[in-house]
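These notes concern the structure reproduced below.
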Amino acid sequence: MIFKRNALPYWLSAPSVVMMLAFVALPLVITLSLSIYPFMAGGGVGDHVTIANYAELVSDDYYLVIFGRTFGMAILVTLISILIGVPEAYVLSRLSERWRAISIVIVLGPMLISVVVRTLGWAVLLGNEGVINKVLLAAGLINEPVKMMFTFTGVVIALVHVLVPFMVLAVWASLQKLDAATEQAAESLGAGLWTVLSRIVFPQVIPGVLSGGLIVFALAASAFATPAIIGGRRLKVVPTTIYDEFLGNLNWPLGAALAVVLVAIVLIVSMGMNRLIERRYKQVFL
Amino acid sequence: MSFLELKGLSKRYDDVVAVAECDLSVARGEFVCLLGPSGCGKTTTLQMVAGFAQPSSGKILLDGVDITNVKPSKRGLGIVFQSYALFPHMTVADNVAFGMEMQGVAAGERSKRVASTLELVHLGQMAKRYPRELSGGQRQRVALARALAIQPPVLLLDEPMGALDAKLREEMQIELRALQHRVGVTTIMVTHDQAEAMTLADRVVLMNKGCIEQMDRPYDMYEHPNGRFSSTFLGKANVFEVERAQAGDRVDVKGVTLPTSDVDCVGALEYIVRPEKIAFADDANVLVKGRISARVFLGNHWLFQVDTPLGRMQLTHANTGLPQAAEGDQVGLRWLAEHARLVPRTKVNT
Numbered sequence: 298m299i300f301k302r303n304a305l306p307y308w309l310s311a312p313s314v315v316m317m318l319a320f321v322a323l324p325l326v327i328t329l330s331l332s333i334y335p336f337m338a339g340g341g342v343g344d345h346v347t348i349a350n351y352a353e354l355v356s357d358d359y360y361l362v363i364f365g366r367t368f369g370m371a372i373l374v375t376l377i378s379i380l381i382g383v384p385e386a387y388v389l390s391r392l393s394e395r396w397r398a399i400s401i402v403i404v405l406g407p408m409l410i411s412v413v414v415r416t417l418g419w420a421v422l423l424g425n426e427g428v429i430n431k432v433l434l435a436a437g438l439i440n441e442p443v444k445m446m447f448t449f450t451g452v453v454i455a456l457v458h459v460l461v462p463f464m465v466l467a468v469w470a471s472l473q474k475l476d477a478a479t480e481q482a483a484e485s486l487g488a489g490l491w492t493v494l495s496r497i498v499f500p501q502v503i504p505g506v507l508s509g510g511l512i513v514f515a516l517a518a519s520a521f522a523t524p525a526i527i528g529g530r531r532l533k534v535v536p537t538t539i540y541d542e543f544l545g546n547l548n549w550p551l552g553a554a555l556a557v558v559l560v561a562i563v564l565i566v567s568m569g570m571n572r573l574i575e576r577r578y579k580q581v582f583l
Numbered sequence: 008m009s010f011l012e013l014k015g016l017s018k019r020y021d022d023v024v025a026v027a028e029c030d031l032s033v034a035r036g037e038f039v040c041l042l043g044p045s046g047c048g049k050t051t052t053l054q055m056v057a058g059f060a061q062p063s064s065g066k067i068l069l070d071g072v073d074i075t076n077v078k079p080s081k082r083g084l085g086i087v088f089q090s091y092a093l094f095p096h097m098t099v100a101d102n103v104a105f106g107m108e109m110q111g112v113a114a115g116e117r118s119k120r121v122a123s124t125l126e127l128v129h130l131g132q133m134a135k136r137y138p139r140e141l142s143g144g145q146r147q148r149v150a151l152a153r154a155l156a157i158q159p160p161v162l163l164l165d166e167p168m169g170a171l172d173a174k175l176r177e178e179m180q181i182e183l184r185a186l187q188h189r190v191g192v193t194t195i196m197v198t199h200d201q202a203e204a205m206t207l208a209d210r211v212v213l214m215n216k217g218c219i220e221q222m223d224r225p226y227d228m229y230e231h232p233n234g235r236f237s238s239t240f241l242g243k244a245n246v247f248e249v250e251r252a253q254a255g256d257r258v259d260v261k262g263v264t265l266p267t268s269d270v271d272c273v274g275a276l277e278y279i280v281r282p283e284k285i286a287f288a289d290d291a292n293v294l295v296k297g298r299i300s301a302r303v304f305l306g307n308h309w310l311f312q313v314d315t316p317l318g319r320m321q322l323t324h325a326n327t328g329l330p331q332a333a334e335g336d337q338v339g340l341r342w343l344a345e346h347a348r349l350v351p352r353t354k355v356n357t
């Protein structure tokens, strides 16, 4: 069989396109359609189109609180990841070749370990009988254990740990493009270290910060394992709620509606950010 | 009275010596070029003056004040980097204003000086553009404007023409020279391009292997190179080892007797004659005979390679429009005693 020359790219991309359609697009469409049918008592799905599921999400404070918590947490995790990841990436990029290789393994190493295992590790650290509390108690800094398991704070700490490498990688990529001579130039013009970092280095890596922020935000908002283990049954977020609706209450349509809203919000935020990056920085960087 | 002075400046990296005992004094308003092949230490020297490299030993004095241990941000020198190092996230005007902002110049005064500095480099219309929207030549001028805007005592240029194409480079060289004369700022430029050094500099500092080989005005250095390295790095030269100096004004090279006017040289010597000083001759003045092995046309002049008993020689003749000798021709060569130089011999592989 002879391919026309210009048809080759389509053939080459065909396997991945089929995969995407079968395993991403199709489930999304099924989820979307599932969300517009009513829930029947006993776990069945009705046969007429309705917006009842969405109406329930909007009218019930229970779900609004969960959405608020989920995105509040995602935003907080993103901000903390920026605060930790940007300096970390900058320091990494300034290390000598050998130390950099070692440090990158340390930074990215956790990503080689299952999220569940890492999160269980945090559970060991954060528990009332956990390592952190024992040390603080022994040091006499606190009189009774600080509650960290099953709290918002605990989930944020564990999520930041899981997601910071993504921020480091994104900022790192931006730093690779930065001409180190611009720092020397600023210095020669009289700028001190802090001014160089805040006025010269940071503005040049903003595209990396924004794209890293997008990844961290999307992953934090849709994280399941960490909130499920550290947050527990009470501190619900949208992904754990979806899980409960599907497998606990067997209310598939409501779970589907939750999933659709979650995907929609993450998509809107991502696309809005992308638009912002393109408009603001096209002239400068791209 | 020297304005900028380097005293015994050295830089060692582990056991590699990048710059060894460099002494240089630059007068106020002077344009000095550090010239040399890559790895000769010229850039390291500039980095030490700028403050980005700490000297292993030696001192740097600016207007009598020791600045050896002063941070780059406190030296106030204007630096143009090889990559220009413009701030990509700032407009041209903001780039130029940055240094003045650091100096605490008031906003009104600042924008006035930004405008006048941009006029100086003919970029008045470009103030609102971002660096990536400019051409290479324009970027270089922004870098120059940014460095000059802080009214530095000394301007340092690190291979500023390196990224420009040949034609633009020539234009920018002439413009830079005019600008330096107008502003009158003391300037040190690093380059590996001998033509650029000769075009721009009041004085050329020729460096090799971390040491200064020769320091002179371009014409003087060209006419009176102090060794094989100087003669071949700045321009072209035919260099021969002298076997024996005869009494008076004659030396022997490979059995051929050649004339010289440098009569008081002693020791191991080399004999240098520039290609353009050599003429064809067929009379009694012929010093050496040979056969033309190659002829190259270079527009304004011809380059000949002639195989002689002395070895292969190069000579150039201005293109006068007259017919020229052809490859394979037997020719006689001559030159004047006062055009030949005798210099102390150095190792061949420098």
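So the protein sequences, as listed, match chains A and B.
Letter by letter, the first sequence follows residues 298 to 583 in the working numbering.
Letter by letter, the second sequence follows residues 8 to 357 in the working numbering.
Here a beta-carbon is modelled for each residue, glycine too, at the ideal position from N, C-alpha and C.
Quick caveat: nothing in here was measured; it's all calculated off a predicted structure.
So, under 8 Å CB-CB, residue i and residue j are touching, yes? Tell me the CB distance rounded to an integer number of Å.
i: B:G58; j: B:P160; result: No, B:G58 and B:P160 are not in contact; Cβ-Cβ is about 13 Å, not under 8 Å.
i: A:V413; j: A:V502; result: Actually they are not in contact, since the Cβ atoms of A:V413 and A:V502 sit about 32 Å apart, beyond 8 Å.
i: A:G505; j: A:A470; result: 6 Å
i: B:S80; j: A:G489; result: 6 Å
i: A:A561; j: A:L354; result: 12 Å between Cβ atoms; not a contact.
i: B:A104; j: B:R117; result: 5 Å
i: B:Q201; j: B:L42; result: 6 Å
i: B:F371; j: B:V338; result: Since the displayed chain B opens at 8 and closes at 357, residue 371 of chain B lies outside it and no answer follows.
i: A:V534; j: A:T367; result: 4 Å
Rounding to the nearest angstrom, what Cα-Cα distance links residue i and residue j in this structure?
i: B:R176; j: B:M168; result: 6 Å
i: B:R153; j: B:G106; result: 7 Å
i: B:F371; j: A:Q481; result: This structure does not reach residue 371 of chain B, given that chain B is present from 8 up to 357, and the question cannot be answered.
i: B:V249; j: A:A477; result: 50 Å
i: B:L53; j: B:P266; result: 42 Å
i: B:G144; j: B:G234; result: 36 Å
i: B:T51; j: B:A291; result: 52 Å
i: B:H96; j: A:P500; result: 7 Å
i: A:A436; j: B:D73; result: 52 Å
i: B:R341; j: B:L349; result: 17 Å
i: B:R148; j: B:V128; result: 6 Å
i: B:R251; j: B:E345; result: 19 Å
i: B:Y20; j: B:D259; result: 44 Å
i: A:P536; j: A:A556; result: 8 Å
i: A:G528; j: B:L141; result: 54 Å
i: B:D209; j: B:R224; result: 6 Å
i: B:K78; j: B:Y226; result: 37 Å
i: B:L186; j: B:A301; result: 42 Å
i: B:Q312; j: B:R319; result: 7 Å
i: B:D165; j: B:I181; result: 17 Å
Mapping DSSP to helix, strand and coil, what is residue i?
i: A:P442; result: coil
i: B:H324; result: strand
i: A:A311; result: helix
i: A:M568; result: helix
i: B:T264; result: strand
i: A:E575; result: helix
i: A:L323; result: helix
i: B:P44; result: coil
i: B:D21; result: coil
i: B:Q61; result: coil
i: B:S32; result: strand
i: A:A338; result: coil
i: B:T315; result: strand
i: B:K14; result: strand
i: B:M196; result: strand
Would you kindly check if the distance between the Cβ of residue j and the Cβ of residue i is under 8 Å?
i: A:S508; j: A:A467; result: yes
i: B:C40; j: B:M214; result: no
i: A:V457; j: A:S519; result: no
i: A:N430; j: A:V421; result: no
i: B:P44; j: B:H188; result: no
i: B:S63; j: B:K14; result: no
i: B:I219; j: B:L16; result: no
i: A:R522; j: A:T416; result: The question names Arg, but residue 522 of chain A in the sequence shown is Ala. It is a contact, given that the beta carbons lie within the stated cut-off.
Given the structure, does residue i come close to the ligand COA, in the sense that its CB is under 7 Å from one of the ligand's heavy atoms?
i: B:A113; result: Annotation note on the ligand COA: not contained in the displayed structure, which lists no ligands.
Starting from residue i, find everything on chain E with Cβ-Cβ shorter than 9 Å and list it in chain order.
i: B:A286; result: Judged by its chain identifiers, the structure shown contains no chain E, and its protein chains are A and B.
Closer than 8 Å between beta carbons: that is the criterion. Which residues of the segment 472 to 490 of chain A meet it against chain B? The residues in question are D476, A478, T479, Q481, A482, A483, E484, S485, L486, G487, A488 and G489.
Quick one, which residues of the segment 84 to 101 of chain B are near chain A if we go by CB-CB under 7 Å, in chain order? Of all residues in the segment 84 to 101 of chain B, L84, I86, F88, S90, A92, F94, P95 and H96 have a Cβ within less than 7 Å of some Cβ in chain A.
Contact list for the segment 102 to 121 of chain B against chain A, Cβ threshold 8 Å: Within the segment 102 to 121 of chain B, the residues whose Cβ lies closer than 8 Å to some Cβ of chain A are F105, G106, M109 and Q110, listed in chain order.
If you measure beta-carbon to beta-carbon, which residues of the segment 493 to 518 of chain A are closer than 9 Å to chain B? Taking a C-beta cut-off of 9 Å against chain B, the contacting residues of the segment 493 to 518 of chain A are V493, R496, I497, P500, Q501 and I503, listed in chain order.
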